[in-house]
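> Before I ask anything, here is the structure I am working with.
Protein chains in written order, with the working numbering: chain A, 3 to 401; chain B, 3 to 401.
Quick look at the structure:
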């Protein structure tokens, strides 16, 4: 396999055969370099992390699950440094190409996984999603991508970042493959079935740039033809309150995760990632308590909206993928805006799926559905039914 | 030449012959990688700086001055990234060895220059000193080192950092070589002569760790035998006010220097250096005005103390060189404390010389003299007279 996309960590293209036959026989997969693969160092996108850690002794649960289901592992993919980033930029290993928008970022932090799937190098790729790290590259690269219910797919052998937000997610380029892999990772049958109702979150759409909202209008129109579609505001007040609290909590958790390592190693980071550690990440107990209370009430609010097997519909990202050569200030603004929408599943623990239902020119624009907690299989089933009924991304033959 | 110390930038050991004979004939020198050498990229200790800059077209003034005076250039030395650092730690090119305290840092940012001179690889090395970058490695490596009067040695072809603080300095291992090079760089004759009076700054000594102050006591005793030594407080109030204002001003200036490049390039930094950019470096006009006013009054205060060709005596560093494997938090604390003393010459523009007059075990402890503005030649002459009268570092034959 030639990695013309820079999707794989240099030297980490491998071939590990499946552990027998299973539902994923004849499929290949890659794993973000946050997942342990026995015998390899889990490098986490940063050379100083790689330098200061030993090779993994065992495969991560998700890697083992896919190998055991018959898929072959083809390597480990580039990630934003220590999983902090939503654009897919990596100054040490290079920024993977976005095959569908070559001048733009692929999205991150599961950048190489999305790039490898979108470029046809593998059928499935594992990612992680704490603040949007599967959903955003799925949106930017035009893929199906799942952030599951928090706690639903075992994270054993995956590097944690912010434990109350961390999830194992994955990508596929067509709905059928998406469902096959989902069934294995969720250990549930996936049944193609449209949801009873889709609730369009008007305040989420209001945060999107005009071209993004405009590009998604035809997709909403098509959904209206096959599903009951209603509209509601997600937030009682200002939706950007959600991301404010999410940032505080996630920051506090990832600082706790990395603080001692940074102090011990004085690692190298790009200025982008170093900015995440500009302060010491400690927030006051009263701020934590306020954010936790907000999280609880936001979760109740979303639970009520989704009651009755409804799914919430929103743009995955309020912005298009930015240029690969964007300035740091533009990168920071982009990340800030993205989190305004990705925080919703993060705060509430609900699953979210990206549907590659629109483009502007060739640039993908993702539409998201958020399901109820534990409704991951129904969410994937809805993605399949929508793809079938609207003839999106006709399933491909296994490569 | 074998660079067993890691003092030179990889690939930047060269041999450039002198431009004819002169006062430095038979001496060799190295230049910190902040000085232009025609045909080479001035890398400034950071690979992303090197990647984004073209080779220099001409030699820096100081490089040209030494070549023209008969010295041979042997290469470019490692510096703390973009000259920000006082410990000599560089995560990209490696931390040069301190030949006199191998388990400790060499001091920085002119780390490789000090290492190369202390290790006998060259006779003279150019450094730069904005916040202490010659004085500290001179102290930590046991060398003579000059931070000149601000503006006194031309900075043409040297990368600037904080223009109102930036100076060209240099190192030598013995007083005679120190004087020979000083005469060339200052374009003045150096006459060995003791100062009329040395004023021991009691509040500077009070900031030093006990072992540092204790180690310097015998040196002060020896000076008392040959010079009139008095004692005074430098500051009217709390001496640490000096460094507070110096940090604000220097920070504001180096942010202005690097802001656009960082925004454009998203460069990689060690966490230590990234911390310097944790905020945007903008300080309010009122804070700048207050710092400028403080700077003016501090300068007047020092001018009065030095009136009558007196020299101020203080520890170069309040602490010993820290361990090479120190934690980031310990590194930050060390830098903070060092600046409490190095800020004095920085704020006032006065010249300062490090005298290698003490050790603890084998670890060097530097004593400093600060002279009046423009009194650089007298300061070097005092260093020579002290070395002669106290038989310090018997001058060596040219290598």
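Each residue gets a CB set at the ideal place from its N, CA and C atoms; glycine is no exception. These numbers come from a predicted model, not from an experiment.
Give me, in chain order, the residues of the same chain whose beta-carbon lies closer than 7 angstroms to that of residue 303 of chain A; leave out the 5 immediate sequence neighbours on both sides.
Within the same chain, residue 303 of chain A has close Cβ partners 238.
> Given that a residue counts as buried once 16 or more other Cβ atoms are within 10 Å of its Cβ, and exposed if not, what is residue 294 of chain A?
Looking at its Cβ environment, which holds fewer than 16 other Cβ atoms inside 10 Å, residue 294 of chain A is exposed.
> Which term fits residue 112 of chain A, buried or exposed, when burial requires 16 or more other beta carbons within 10 angstroms of its beta carbon?
Flag for residue 112 of chain A reads buried.
> Does any residue of chain A bring its CB to less than 8 angstroms from the CB of residue 330 of chain B?
True, the Cβ-Cβ gap to chain A drops below 8 angstroms.
> From the DSSP output, read off the bridge partner residues of residue 199 of chain B.
Answer is B:230, B:312.
> Among the residues of its own chain, which have a CB less than 6 angstroms from the CB of residue 141 of chain A, if the five just before and after it don't count?
For residue 141 of chain A, where only same-chain residues beyond five positions count, the Cβ hits under 6 angstroms are 318, 319, 356, 368.
> Using only alpha-carbon positions, find the residue among B:300, B:361, B:286 that is nearest to residue 243 of chain B.
Residue 243 of chain B has its Cα closest to that of B:300, out of B:300, B:361, B:286.
> So, is residue 232 of chain B buried or exposed, given that buried needs 16 or more other C-beta atoms within 10 angstroms?
Exposed is the call here.
> Check whether the Cβ atoms of residue 121 of chain B and residue 90 of chain B sit closer than 8 angstroms, and answer yes or no.
Cβ distance not < 8 angstroms, so residue 121 of chain B and residue 90 of chain B don't count as in contact.
> Counting contacts by CB-CB distance shorter than 8 angstroms, is residue 235 of chain A in contact with chain B?
It does not: the Cβ of residue 235 of chain A has no partner Cβ on chain B nearer than 8 angstroms.
> If you draw a straight line from the C-alpha of residue 292 of chain B to the C-alpha of residue 336 of chain B, how long is it?
Near 26 angstroms, if we compare the C-alpha coordinates of residue 336 of chain B and residue 292 of chain B.
> With a threshold of 16 other CB atoms inside 10 Å of the CB of residue 10 of chain B, please say whether the residue is buried or exposed.
Looking at its Cβ environment, which holds 16 or more other Cβ atoms inside 10 Å, residue 10 of chain B is buried.
> Quick check on residue 134 of chain B: does DSSP put it in helix, strand or coil?
In this structure, residue 134 of chain B counts as coil in the three-state DSSP scheme.
> In angstroms, rounded to a whole number, what distance separates the CA positions of residue 342 of chain A and residue 137 of chain A?
Distance between the alpha carbons of residue 342 of chain A and residue 137 of chain A: 13 angstroms.
> Measure from the C-beta of residue 108 of chain B to each C-beta in chain A and report whether the shortest distance is under 8 angstroms.
Judged by the 8 angstroms Cβ criterion, residue 108 of chain B is not in contact with chain A.
> Considering only the beta carbon of each residue, do residue 68 of chain B and residue 57 of chain B sit closer than 8 angstroms?
Not closer than 8 angstroms, so no.
> Our contact map puts residue 76 of chain B next to residue 15 of chain B with C-beta atoms below 8 angstroms; I'd like the distance itself, whole angstroms only.
Sure, about 7 angstroms apart at Cβ, within 8 angstroms.
> Does the Cβ-Cβ distance between residue 384 of chain A and residue 195 of chain A come in under 8 angstroms?
Yes.
> Let me know the beta strand (DSSP E) ranges lying completely inside the stretch 8-64 of chain A, each 3 residues or longer, listed in chain order.
Within the stretch 8-64 of chain A, the complete beta strand (DSSP E) runs of at least 3 residues are 10-18, 30-34.
> Would you mind listing the beta strand (DSSP E) stretches within the stretch 258-338 of chain A that are 3+ residues and don't spill past its ends, in chain order?
The stretch 258-338 of chain A contains these whole beta strand (DSSP E) runs: 270-272, 312-317.
> Considering only C-alpha positions, which residue in the set B:88, B:259, B:170, B:255 is nearest to residue 36 of chain B?
If we check each option's Cα against that of residue 36 of chain B, B:170 comes out closest.
> Identify the contact partners of residue 281 of chain B in chain A, using a Cβ-Cβ distance below 8 angstroms as the criterion.
In chain order: 280.
> Pairs of beta-carbons, one from the stretch 322-329 of chain A and one from the stretch 180-187 of chain A, closer than 8 angstroms: are there three or more?
Not touching, per the Cβ criterion.
> Is residue 392 of chain A closer than 8 angstroms to residue 314 of chain A when the C-beta atoms are compared?
No, the Cβ-Cβ distance between residue 314 of chain A and residue 392 of chain A is not below 8 angstroms.
> Does residue 271 of chain A get closer than 8 angstroms to chain B when you measure Cβ to Cβ?
Output row for residue 271 of chain A: interface = yes.
> Indicate whether at least one CB of chain A lies closer than 8 angstroms to the CB of residue 325 of chain B.
No, because no Cβ of chain A sits closer than 8 angstroms to the Cβ of residue 325 of chain B.
> Does DSSP classify residue 81 of chain B as helix, strand or coil?
If DSSP states are grouped into helix, strand and coil, residue 81 of chain B belongs with coil.
> So which residues of chain A does residue 93 of chain B contact, with C-beta pairs closer than 7 angstroms?
Correct list: 268, 270.
> By the criterion of Cβ-Cβ separation under 7 angstroms, what are the contact partners of residue 276 of chain B in chain A?
Simply 271, 273, 276.
> Are any of the Cβ atoms in chain B nearer than 8 angstroms to that of residue 285 of chain A?
Not an interface residue.
> From the DSSP output, in three-state form, read off residue 399 of chain A for me.
Because the pLDDT at residue 399 of chain A is just 43, under 50, the model does not fix this residue reliably, and the point stays unresolved.
> Look at residue 114 of chain B and residue 344 of chain B and say whether their C-beta atoms are less than 8 angstroms apart.
Cβ atoms of residue 114 of chain B and residue 344 of chain B: not closer than 8 angstroms.
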